[in-house]
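Colleague: At position 3 of the sequence shown (counting the first as 1) the number is 592 in my numbering, and the numbers step up by one without a gap.
For every residue, glycine included, the Cβ atom is placed at its ideal position computed from N, Cα and C.
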Amino acid sequence: PSGLLAHLNDAQRAAACHGMEPLLIIAGAGTGKTTTLVYRVAQQIAQGVPAERILLLSFTRRAAFQMIQRVAAVLSDADAAPNVWGGTFHGVATRLLRQYGPAIGVHPRFTIYDQGDAEDLMGALCRELDLDTKDKTFPKKRACLAIHSYGVNAEVPLDDVLVAQHPQFERHAAALQRLFAAYTQRKAELHVFDYDDLLRKWCDLLDHEQVGPKIRGRFELVLVDEYQDTNRLQARLLGGLRPDGRGLTVVGDDAQSIYSFRAATVRNILDFPRQFPGAQIIKLEQNYRSTQPILTTTNGVIAQAAERYEKELWSSRTAGPPPQLVTCEDEFEQVEFVTNRILEHQRQGIPLAQQAVLFRASHHSIQLEGQLARLGIEFVKYGGLKFVEAAHVKDLLSLLRLAENPRDTVSGARALCLLPGIGPKKAQDLLRELAAADGQFDVWRDAKAPAKSKEIWPEFVRLMSWLGQRGAGEDLGEQVRRASKFYEPLLEQAYDNPAQRLADLEELNQLAAHAPDRATLLADLTVDPPAARGELRGGPDRDQTLTLSTLHSAKGLEWRVVYVLHASDGKIPLERASFDFDQLEEERRIFYVALTRAADWLYVCYPRHEAAAYGYTSRSGWGGDMFESCRLTRFITKAVKASFQCQNAATFQPP
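(1) How should R767 be labelled, buried or exposed, when 16 other C-beta atoms within 10 angstroms of its C-beta is the threshold for buried?
(2) Hey, how far is the Cα of D563 from the Cα of R659?
(3) Give the straight-line distance between the Cα atoms of A795 and V811, rounded to the nearest whole angstrom.
(4) Rounded to the nearest angstrom, how far is the Cβ of A1183 from that of L947, given a contact under 8 angstroms?
(5) In terms of DSSP beta bridges, what is W1148 paired with?
(6) Kindly list the residues whose CB is nearer than 8 angstroms to the CB of I736, restricted to its own chain and excluding five residues on each side of it in sequence; keep chain order.
(7) Measuring CB atoms only, is the region 862-881 touching the region 604-615, in the sense that at least three cross pairs come out at less than 8 angstroms?
(8) Three-state secondary structure (DSSP) at F678?
(9) With DSSP as the reference, label P1129 as helix, strand or coil.
(10) Comparing alpha-carbon positions, which option in A1101, R851, R807 and L626 lies nearest L989?
(11) Do the CB positions of H761 and H696 come within less than 8 angstroms of each other?
(12) Do the region 805-823 and the region 833-840 touch if we need at least three Cβ pairs shorter than 8 angstroms?
(13) What residues in its chain sit with their C-beta under 6 angstroms from that of V1193, if we drop five residues either side in the sequence?
(14) On the criterion of 16 or more Cβ atoms from any shown chain inside 10 Å, does P912 qualify as buried, or is it exposed?
(15) Should I1247 go down as buried or exposed, given a rule of 16 or more other Cβ atoms within 10 Å for buried?
(16) Assuming the contact rule is C-beta atoms closer than 8 angstroms, Y1181 and V890 should be a hit. Round their C-beta distance to whole Å, please.
(17) List the residues that DSSP assigns as beta-bridge partners of S1042.
(18) Using the DSSP secondary-structure output, state which residues sit across from K1160 in a beta bridge.
(19) If I measure Cβ to Cβ from R1090 and keep anything under 7 angstroms in the same chain, skipping five residues before and after, which residues do I get?
(20) Distance, Cα to Cα, A1231 vs G806?
(21) In angstroms with no decimal places, state the Cα-to-Cα distance between R1126 and V969.
(22) Assuming D1189 and R1220 form a contact by the criterion Cβ under 8 angstroms, report the distance between their Cβ atoms to the nearest whole angstrom.
(23) Could you name the residues of the same chain whose beta carbon sits closer than 8 angstroms to that of E1022, not counting the 5 residues immediately before and after it, in chain order?
(24) According to the neighbour-count rule (16 or more other Cβ atoms, all chains shown, within 10 Å of its Cβ), is G965 buried or exposed?
(25) Can you look up F926 in the DSSP assignment and give me helix, strand or coil?
(26) Just to confirm, is the Cβ distance from F808 to I939 under 8 angstroms?
(27) Within its chain, find whatever has a CB closer than 8 angstroms to the CB of Q1242; leave out the 5 residues flanking it on each side and keep chain order.
(28) Would you call the CB atoms of A852 and Y739 closer than 8 angstroms?
(29) Are R775 and L710 close, meaning C-beta to C-beta below 8 angstroms?
(30) Going by DSSP in three states, I870 sits in which element: helix, strand or coil?
(31) Which class does Y628 belong to by DSSP, given the choice of helix, strand or coil?
(32) Do the CB positions of T700 and L1111 come within less than 8 angstroms of each other?
(33) Using only the alpha-carbon positions, how far apart do L720 and S1000 sit?
(34) Taking the alpha-carbon positions, what's the D1093 to K1074 distance?
(35) If you draw a straight line from the C-alpha of I895 to the C-alpha of F1224, how long is it?
(36) For A682, count neighbouring Cβ atoms within 10 angstroms of its own Cβ and tell me buried if that reaches 16, exposed if not.
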C-alpha cells in the first residue's frame, strides 16, 4: 500500500522498497535500523511474499519477536506476520536440525550445552587424558573451550589461533589437538551439541545434496540484523543459504563492530560487496536519538578509523547542551562528581532509569557501586553473570536435561552430585548403569545409595523415572514444578540467600508456561537465555533504578543521560590493546558505541590520577606510590576535544 511507507525518510524508504538484489544497509547509531527492517518485511508481505518464506535473523530471540510484532502492527493484520521465520542464528539452526537433522546423522533428541556445560566436559576430558595434572601451565578448561570455539567460528586452524590469541599456550598445540578430537568424539557419543556445532551442522545441512536445496527453497527473503557482529562461519552459512545473494538483506554498522573476542569480524560487513557482486549499499544517516552537539563529537571520534563506510550522522534536534569532558583529580572525585550529577538530574525530572554509567571493564565501577549503596541509590549492573549461568538455575535444569537425554553425562553428574554423599566417582558409576539400561531410570531403584542420601534417593529415582516417561510436550509446567519441589530443600541447604534463588526458579516456571515442549524450553534457555535475573518478574521499580554497564553490554541501548568513566589511556583503550593495530581500532569503535548511547546529556570523565591497583577505598595513599598519573584517552584528539565543553569536577558549572 502506498501509505505504508509514508513516514519513513528517503533512505529508509529506498531500503524498504528495494528489490531482490543483495542489499547492504549501513545503519548508523540511532538511525532507525529496526524500523527500516520492519518496513522492509511488511512491504514484501504487502507485495505478496508469503510470511513463511521470510527468514529474519537477529542476535536475540526477543529482538526478532518484537520486529515480527511490529510488522503485524504496520500491516494492521495480526495474522500476517507470525509465520515469519524469526530468531537467532543458533535458534533457527536448532529448529532446522530438529526437522532435517536425521539426514546428516543428527539424533532427534539431541541436547545443547551452554558454555558452562561445555567447559565441564572439556575439563573432564582433560582429566581423562591426564593433560592438566602433569603440567600446571596447561590451559584451564575455560581457556581450552575459548581456543576451540574461536577456531571454529573464525574458521582458522589451531596453530593460527594460538599464535594470534594465546601465544602462551603454543607449546601445548599437540595436546590441545588430542583434546579437541576427543571433545568432538565425546559430544557425538552423548548426542549433545555446543553453540558452535549448531552453526556447523546448519552448514552441513546446506551442503547436503537433498536437504540443501529444500532449505534454500523455503526462503525467498533472508534478512540479517547486526551484520557487523557476525563471524566467518556465519558469513559462510549465509553464502550457502543465498549463494548468489538474491533476496539477502544485511543491516549493520561497521563503526559498532566490537566483538572480535567472540571471533566476530568487521571484514564481513566491509567485504559484503565483494562476496555478493552487484550488492547495493544504502546508508542511514539521520539520527533520531541524540542531539547534534553529541553527534558532532561522535562523528569526530569515528572519523579517525582507518577503514570504514563514510557517513555523517545528523539530527533535526540541533539544540542541546554540549558534551562535557570532566577532569577529576582522582577516582574518588570522579565517583563524587558522577553521583552528584545523577541526583541533580533526578531532581530536575530525569528518572534514574533514563541514566546510565558506562565503563570499559566490570571492575572499573567497584568504587562507584560502594558509593551508590551508601546513598541508597538502586542500580542494576550489566556485564556479569547471566540468569541461566547461576548455579542453582543450572542445578534445576540438569534434572530436565538428564531426563531429555540420559546420555548427557555432564548434566547427569551435576544432577546426581546434588544429593548428599554422592561425588563425581559415584555419579559416573550410576551413569554407566543408566547407559547400560538404555536410559531407563528404573534401573536405579536397585542401586546402592550412599547412607547420606538414603532417604532422598527413592524420591529422586521416582522423579527421574516420571520425567523420563513424559512425552515431548506432556505436562511441561508440571515437570518443572515437580523438579523444583524436589530441588528446593537441596537449594536451601546448599546456598545463601535462598529467597532470591527460589524466585529465580519461579521465573523458570513462567518460562515453561510459554514453551511448547521440554526440548524447546531447554534449547531456548541455552541458545537465547534471559539477559538478567528478574527480566520476567519486573524487579524493583524501574523508574528508580540506575543502569551500570560495561561498554559491550550497553550496545543497542540508549539513555537520556550517559556518564563514561575512566576515559584515560590504559582503561580506554585497554593497555593490552595498545600494541595491536586491529585491537586498537576495535577499542575506538567500543568508545564510539558508548558515546552514541546518549540522547541529551553526555559526560566523559577523566581522572588525572588513578590507583595503581584496585582496592583502595579512601585517599589515604595520596602522595605515595599508590597512585599514578593518567593521560586522556588518545581517542579524544585535539579536534574532538574542541567539540566538548571542558570543565574540572571541583568547579563544574552545568551548561
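Modeller: Taking the structure as given:
(1) Flag for R767 reads exposed.
(2) The structure shown does not extend to residue 563, since the chain is modelled only from 590 to 1244, so the question has no answer here.
(3) In the sequence under discussion, the amino acid at residue 795 is Leu, which differs from the Ala named in the question. If I take the Cα positions, the gap works out to 15 angstroms.
(4) At roughly 5 angstroms, the Cβ-Cβ gap stays under 8 angstroms, so A1183 and L947 are in contact.
(5) Beta-bridge partners of W1148 (DSSP): A1187.
(6) Excluding positions up to five away in sequence, the list reads P728, L747, V750, L751, Q754, H755, F758 and L765.
(7) Two segments are said to touch when three or more pairs of C-beta atoms, one from each, lie closer than 8 angstroms; by this definition the region 862-881 touches the region 604-615.
(8) F678: helix per DSSP, three-state reduction.
(9) Low confidence applies to P1129: its pLDDT is 43, below 50, so where it sits in the model is not reliable, and the reading given next is rough at best. Three-state result, P1129: coil.
(10) Between L989 and the set A1101, R851, R807 and L626, the nearest pair of CA atoms involves A1101.
(11) Between H761 and H696, the C-beta gap is not smaller than 8 angstroms, which leaves the two residues out of contact.
(12) Judged by Cβ distances under 8 angstroms, the region 805-823 makes contact with the region 833-840, as three or more pairs qualify.
(13) Only L914, V1153 and A1156 meet the Cβ criterion.
(14) Answer is buried; the Cβ neighbour count reaches 16.
(15) Any answer about residue 1247 is impossible in this case: the structure gives the chain only from 590 up to 1244.
(16) Indeed they touch by this definition, with Cβ atoms about 5 angstroms apart.
(17) In DSSP, S1042 forms no bridge with anything.
(18) Residue pairing from DSSP places K1160 in a beta bridge opposite L1163.
(19) Answer for R1090: H981, L1080 and Y1084, listed in chain order.
(20) A1231 and G806: Cα-Cα distance of roughly 55 angstroms.
(21) Bear in mind that a pLDDT of 41 at R1126, under 50, signals an unreliable position, so the number given afterwards is only what the model happens to contain. Cα to Cα, R1126 sits roughly 14 angstroms from V969.
(22) Between R1220 and D1189 the Cβ distance is about 29 angstroms, and since that is not below 8 angstroms, they are no contact.
(23) Cβ neighbours of E1022 beyond the five flanking positions: V1032, W1033 and A1036.
(24) Under this definition G965 is an exposed residue.
(25) Reduced to three states, the DSSP call for F926 is helix.
(26) Not in contact: F808 and I939 (Cβ atoms no closer than 8 angstroms).
(27) Annotation for Q1242: Q1236 place their beta carbon closer than 8 angstroms to its own, counting only its chain and skipping 5 residues before and after.
(28) Yes, Cβ-Cβ distance for A852 and Y739 is below 8 angstroms.
(29) Closer than 8 angstroms, so yes.
(30) The three-state reading of DSSP puts I870 in strand, counting E and B together.
(31) Looking at Y628 - three-state DSSP - the assignment turns out to be helix.
(32) Yes.
(33) So the alpha carbons of these two residues sit roughly 23 angstroms apart.
(34) Cα to Cα, D1093 sits roughly 13 angstroms from K1074.
(35) This sequence places Ala at residue 895; Ile is not what is there. A895 and F1224 have their C-alpha atoms some 13 angstroms from each other.
(36) A682 comes out buried.
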